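Quick notes on the structure that follows.
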Amino acid sequence: MVFTAQEMAKLMPDASQLESDEPEMESSLHYIQLALLVACLEWQWRERNDFFVGANLTVYYSQQQLRNRDFRGPDFFLIRNTEKRPRRSWVVWEEDGRYPDIIIELLSSSTARVDRNEKKILYQNRFRTPEYFWFDPEDLELSGFRLIGQEYQAIIANEFGRLWSEVLELYLGIHDGKLRYFTADGELVATPEESAMQAQQKAAQAQERVERLANQLRALGIEPE
1 MVFTAQEMAK LMPDASQLES DEPEMESSLH YIQLALLVAC LEWQWRERND
51 FFVGANLTVY YSQQQLRNRD FRGPDFFLIR NTEKRPRRSW VVWEEDGRYP
101 DIIIELLSSS TARVDRNEKK ILYQNRFRTP EYFWFDPEDL ELSGFRLIGQ
151 EYQAIIANEF GRLWSEVLEL YLGIHDGKLR YFTADGELVA TPEESAMQAQ
201 QKAAQAQERV ERLANQLRAL GIEPE
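Residue 128 in my numbering sits at position 128 of the sequence shown, and the numbers go up by one each step.
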């Protein structure tokens with residue numbers, strides 16, 4: 001039986017209700033790393049409402065792909081200049097034809113070959129995603145590519161082994177065995193928990209300075225107010 005394009009469209013599920021169809025992460029290392037990437041960027045951009053971060057979420061980019069289930073989505077991706085709201089998946093034709101601006105894949109023994117080859121080609125030729133990175137949480141392999149013309153070109157690391165992302169305006173580099181973000185000045189982008197601890201430390205240091213000054217005044221016979 002042959003269907004017209006209009007008849008086939010009617011048979012497709014409502015795109016707005018498409019659920020993500022991603023497998024579980026390979027290990028606890030992969031879960032921790034993915035959560036870290038999401039949490040740090042969300043915290044760094046907490047004042048912004050013009051982006052969407054996808055974590056282990058399916059990107060539906062064609063009805064043929066949807067019917068065949070022939071491709072699963074990236075581990076981490078970001079779309080800029082879009083509404084920041086929850087989504088069950090990223091459906092390209094429901095999002096003004098927008099594809100990810102940056103993709104990060106977390107390599108594993110079962111996915112590394114596909115991530116380095118088939119997915120790289122797909123992101124380059126079909127998605128036209130400006131930047132693609134992969135990172136192995138186990139052996140700490142980090143590589144990045146930027147779309148120059150029609151092809152990905154390797155991003156050259158700086159003297160600290162970090163790769164600059166023009167999309168994020170941040171470096172990607174390894175810190176304590178994890179893939180982390182760094183500012184243009186080389187400062188580590190903190191997690192919410194790290195930021196809270198830093199604030200507590202600053203408050204404690206400020207209190208210590210106040211107490212030292214008060215003791216110095218008392219030593220001079222002056223009772224501080």
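Glycine residues also receive a C-beta, built at the ideal position from the N, C-alpha and C atoms.
Owing to the predicted nature of the structure, the values given are computational and were not obtained by experimental measurement.
| query | result |
| --- | --- |
| Own chain, CB closer than 8 Å to N158, minus 5 neighbours either side, in chain order | W164, Y171 |
| CB contact flag (F135, P100, <8 Å) | no |
| Rounded Cβ spacing between T58 and S89 (contact assumed at less than 8 Å) | 5 Å |
| Rounded C-alpha distance that separates A184 from E194 | 19 Å |
| For S143, the residue or residues it bridges with in DSSP | W134 |
| Residues that I156 bridges to, as DSSP identifies them | Answer by DSSP bridge pairing: none, since I156 is not bridged. |
| Endpoints, beta strand (DSSP E) assigned at K178 | 178–182 |
| 8 Å contact criterion, which V92 and Y60 should meet: CB distance rounded | 6 Å |
| First and last residue of the uninterrupted alpha helix (DSSP H) at W43 | 28–44 |
| Backbone secondary structure at M8 - three-state DSSP | Reliability fails at M8, whose pLDDT of 34 lies under 50, so the model's placement of it is uncertain and the value that follows must be treated cautiously. Of the three classes helix, strand and coil, the one that applies to M8 here is helix, per DSSP. |
| Closer than 7 Å: I222 CB and nearest the ligand SAM heavy atom | Within the structure as shown, the ligand SAM is missing, as the structure has no ligands at all. |
| Assigned secondary structure, L188 (DSSP; H/G/I helix, E/B strand, else coil) | strand |
| CB-CB length for P192 against A39, believed under 8 Å | 6 Å |
| Same chain only: Cβ atoms within 6 Å of I174, ignoring 5 sequence neighbours per side | L140 |
| Pair within 8 Å by beta-carbon distance, H30 and P130 | no |
| Sequence-distant residues of the same chain with beta carbon closer than 7 Å to V189, five excluded per side | C40, Q44, L170, R180, Y181, F182, T183 |
| Identified DSSP bridge partners for R80 | F51 |
| C-beta atoms of Y226 and K120 nearer than 8 Å | Only positions 1 to 225 of the chain appear in this structure, which leaves residue 226 out of reach. |
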